[in-house]
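The structure appears below as C-alpha cells.
Numbering (our numbering), first residue to last: 332 to 1280.
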C-alpha cells in the first residue's frame, strides 16, 4: 500500500484569499506560539514549517546596517529634489538590493522601517536629516513615491513592506521619551496627521511605528489615534511596530503605568502589534503578555488581532508562496544603473542658494578646495556601508584635473604635552589596516565594540601631531596622521582606531576643559564615557569622572587651520569652502542642536578664505539648515550628505555639466531669534514654518536657483464641481538645459480663522532644453482648501476668495489669480447642545493639552500649573442658559467670561488624581451669541464645559 499524501493545509493553498489562509493558520498556532510572534524576533514554528521572522530593516536612503549597499542622499536631500518619480526609482533600487542582500544573508529583513514622514517643523531637531520637508504635501508626495518603489508594482506580492516613522508629532530628541507634544485639533488634522494620511491612503504602506514621545499627555504607543485615524484610512491590515525599547519606557521612564503587564496590554489594545524591546530576547515581552492574560487585561482575541496583522505582511511578502513570489529570484545589487541613480539623485538634491555669476566655473580655472568636509563622504546613523566613495575633492580632481586643484583641510594641528613634559604619542600600528565600521553588518550597530587589537596611546619626548577639529560647543575630534580617529574601547584605553566618528554612543569626541590648578593647562574629557584622560604606565586611558584623576595637558599648536586655508586661497582663481556637519556630532538621534550658527572653527576657515580671495564659493554639506551671512559671498550652495556620489555630483554642478535644480524643503531662518521653542508644536499659534512665519527668511521654502532662467505665462484656471484645474506655460529662456520646479500655492484671502500665508498645493519638476516650453497642469481637489473647523469637529471649505499662485518658490510668485468658491458657510458653536470640549479652543495662552483619561480624550491645563486662558468664538447659547456644568480635575479655579466679562467661577480644592474628574456647576444667565473665555488657575485639568437651562 502507498501512504496517502497529507492534504495541503488551507494556509498553504495559494488559490485562497490571504484572509482565509491567515484564519486557518491562526487556528493551528498554539497560544504560546502566537504570543511569541508579538516580539520583533518572532521564532520559527518548525512543526508547521514556518521560519523565524524579524520586523524591521532600516532603509531610509539605502539598506542600512547590514554591510555594503548603495548609499543614496539623506532623506532631507531626497526631499530637496522635489522629484517624486526619481524617489520612486530610488525606493525600487533599495528594495531590490534588500532582496539581493537577503538572498545571501537571511538577517536582512523585508519589513523595512522607512520612510520617516515626521515634518521638519523645527530646524534644530537632531533628526532633521531623516525627514523630507516641513510641508505635509511635499512630505507625503515624496514618501508616497518612496513607498511605491519599496513595495513594487505587483498587485498581490510586495518586494518589501514599508513602515512609516514616527507616529506622531515628533520633532525633539531632548527628553524625547518623556516630553509631550501639545497638539491642538487644527494642527493635528491640518499638519501632523496629514503627511501620514495621504501616504497611507496611497496604498503602499504596510504599517507605522509610533514615536517615543507623548502627544497631549499620552504616550504614542497607547494612542487612540492609531484606531481612530490610522486604521480608518485604509481597509488594509496595517502592522504597528513599536520603536526600540518604547514598550518598557511606558513604565520605566514615562511612569504612565505601574506595571509592565498593564503597559503591554494597553499598547496591544491600542494597536501595537509587534514589540521591539530587549534586542533579540523575546522572553520578557512574552512573559508580560502572559501575565496580562492571567490578570484579565488581555484576551486571546487581542493576541490574534495583532498576530493577524503581522501574518498579513508576511503573506504579502511571498513568504508562504515562494514559487509565486515575483520578487523571490530578483534583486539587483550595486548595478551600473544603481550607481547612475545615486549620482542622479545627488545632482538633483543640490540647491543653489545664491549666485552672482561666479558659477558655473569657467574652463581652466585654478581651484583651492578647503574646509573640514572637502575630502569627506559622511555617513549617518541610517546609512549603509559605502561600496563607492566620492568626496568633493575627489570629484573636482576628476573633473578639473588634480594639477589645477589645491587643497587645505583646515584642521588645527596640535601636540598635547603632559605635565611631565612628554607628549601624547600614537604607536605604530604595524600595518594593521583601518577597518570600516559596520562593514560586516549588524542587526544592532549600537552593540558594535571598539577595537582593542591596536596598541594604546603612550607619552614620549616627541609625541604625535594630531589633527584637531572643533565641531562646535567645544566638541572635538582628534585624528592621527594615518587617518585614524582617537577612540575609546570597552577597556578604557585611548587608541587611534576608528575610521570615522560613529556609533550609538560616539567614542571619538572630546572636550578640552581649562584646568583650575594649572594656568594654561587643560583636562581632556572623553564625552562618550564622561571620564577624563590620564597617562598610566600601561598606556593612555580614560580614568574617573573627577578632575583630580585627570592628566593636565597643554595644547601646542603647530598650525592653525585658517593659516593653511589662507595660503592656498591666495594663489587660486576661485576658492571653494566646503563646510557643514558630521552627522554623528552635535545634532543627531538623541541630540538636538542648540543653534543655527555654523561652528566657530568653520567660520574661521570661511573668513580666512574670503579675506585671501573674494571669489569664494561656500558649499554647505549638512543634514540641516544653517544661519550664514551670504553678504559678500558670490555663490552659495547647499546639499544634504549626498551618499556615495556626492563629490562627483557637486563637481558636475560647479562645472556646469548639470544645472542645479534642487529646492529647499524647509525654511532657512536668519537667526536663532526667529525660531519657536523646540517643544512648541503649535505651528498656527507659534507662527511656524513657511505656512505661518511672518518674518523674513534667510532663504524661503521652495527656494533654489538655476543656471537658466524661466518665463511663466498663460495662467488658466478651470472650476469644476470638486476640483480646480490650474495650468500655465513654462519656457526656458536661457542657453542651457535645466530643470525648473513649478510650484502651486493656495491662500484663503479673508479667512475667518488664521490660515497659512500660502500653502503648497502641488508641484512638478520639469526639464527644458534652451528655448523649449511646456504646459504644466495641476488638478487641485477642493478638499485641499479645507480647514479643520473646531466648532463642529470636521473639515470645512469656507466660502470666499482664494488666491492661486504659481512660481519658483513660496516667495518667488510669477503668476496669480483669484477664484471665488461657494463652500459651506460657518455656523455658530452649538454650545447649548454640545457644550465645549476644552481642547477645541480657537485661541489659547499659557496652556497645554493633556490626556483626559489614559485611553481617550483631551483636557487642558495651565502650563507648569500657572495660569492660562482659552477662547471659544461665536458660541450660541440659544434663547437662554442658566449656568455652566464644568468637568474638571486637579486643584485650582475655572473662571467663565462672556465677551471679556466674568460671569461665573468654580474652585476645586483637589482631587485624588489627575483622572478623578468632578462635575461642578456655576450659575449664570445668558442668551444669544458670545465669545467665551475660560480662565484657568493652578494645576486644574479642564475636560468639558456644558451649559444648562
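From the three backbone atoms N, C-alpha and C, an ideal C-beta is built for every residue, glycine too. For clarity, every value in this text was computed on a predicted model and none was experimentally measured.
| query | result |
| --- | --- |
| Residues near residue 989 in its chain [Cβ-Cβ closer than 7 Å; skip 5 each side] | 678, 983 |
| 6 Å Cβ shell around residue 356 - same chain, five flanking residues per side excluded | 342 |
| Spatially closest choice to residue 474 from 699, 532, 488, 689, by CA coordinates | 532 |
| 8 Å CB neighbourhood of residue 1149 in its chain, flanking five on each side removed | 1080, 1132, 1133, 1134, 1135 |
| Residue from 949, 957, 1026, 853 with nearest C-alpha to residue 963 | 949 |
| Identity of the residue in 937, 868, 450 nearest residue 897 by Cα | 937 |
| Straight-line gap, residue 1037 to residue 683 (C-alpha atoms, nearest Å) | 7 Å |
| Residue 448 versus residue 468: straight-line alpha-carbon distance, rounded | 11 Å |
| CA-to-CA distance, residue 648 to residue 488, given in whole angstroms | 6 Å |
| Per-residue DSSP class, three states only, for residue 849 | coil |
| Cβ-based burial, residue 812 [other Cβ within 10 Å; buried from 16] | exposed |
| CA-to-CA distance, residue 378 to residue 332, given in whole angstroms | A caution first: residue 332 carries a pLDDT of 49, below 50, which makes its placement in the model too unreliable to give a value. |
| Best match in 1137, 359, 993, 638 for proximity to residue 1046 [C-alpha to C-alpha] | 1137 |
| Counted within 10 angstroms of its Cβ, other Cβ atoms place residue 877 as buried (16 or more) or exposed | exposed |
| Inter-stretch contact (C-beta, 8 Å, three-pair minimum) for the segment 1008 to 1018 and the segment 700 to 719 | no |
| Touch test, the segment 1175 to 1184 against the segment 565 to 585, Cβ-Cβ under 8 Å, three pairs minimum | no |
| Extent of the continuous beta strand (DSSP E) run through residue 1272 | 1271 to 1279 |
| Within 9 Å, strictly: CB atoms of residue 1224 and residue 1237 | yes |
| Cβ pair residue 511, residue 459 closer than 9 Å | no |
| Residues that DSSP places opposite residue 992 in a beta bridge | According to DSSP, which records beta bridges pairwise, residue 992 is partnered with nothing at all. |
| CB-CB length for residue 956 against residue 997, believed under 8 Å | 7 Å |
| Local conformation of residue 332 per DSSP, three classes | Summary for residue 332: the model assigns pLDDT 49, below 50, so the residue's position carries little reliability, and this model does not support an answer. |
| CB-CB length for residue 1089 against residue 1141, believed under 8 Å | 6 Å |
| Environment of residue 471 [buried if 16+ CB atoms lie within 10 Å] | buried |
| Residue 1067 in three-state terms, based on DSSP | coil |
| N-terminal and C-terminal residue of the beta strand (DSSP E) that residue 482 is part of | It is not in any beta strand (DSSP E) - residue 482 instead sits in the alpha helix (DSSP H) that spans 467 to 482. |
| DSSP three-state assignment for residue 588, whether helix, strand or coil | coil |
| Which of helix, strand or coil DSSP assigns to residue 669 | helix |
| At least three beta-carbon pairs within less than 8 Å, the segment 746 to 763 to the segment 793 to 803 | yes |
| Beta-carbon gap between residue 889 and residue 859 smaller than 9 Å | no |
| As assigned by DSSP and simplified to three states, the class of residue 1147 | strand |
| CB contact flag (residue 688, residue 401, <9 Å) | no |
| Run of the alpha helix (DSSP H) containing residue 557, from where it starts to where it stops | 556 to 559 |
| At least 3 beta-carbon pairs within less than 8 Å: the segment 723 to 743 vs the segment 426 to 442 | no |
| Inter-residue spacing [alpha-carbon to alpha-carbon] between residue 624 and residue 592 | 9 Å |
| Beta-carbon proximity list for residue 403, same chain, < 6 Å, skipping 5 on both sides | 392, 393, 421, 673, 676, 974 |
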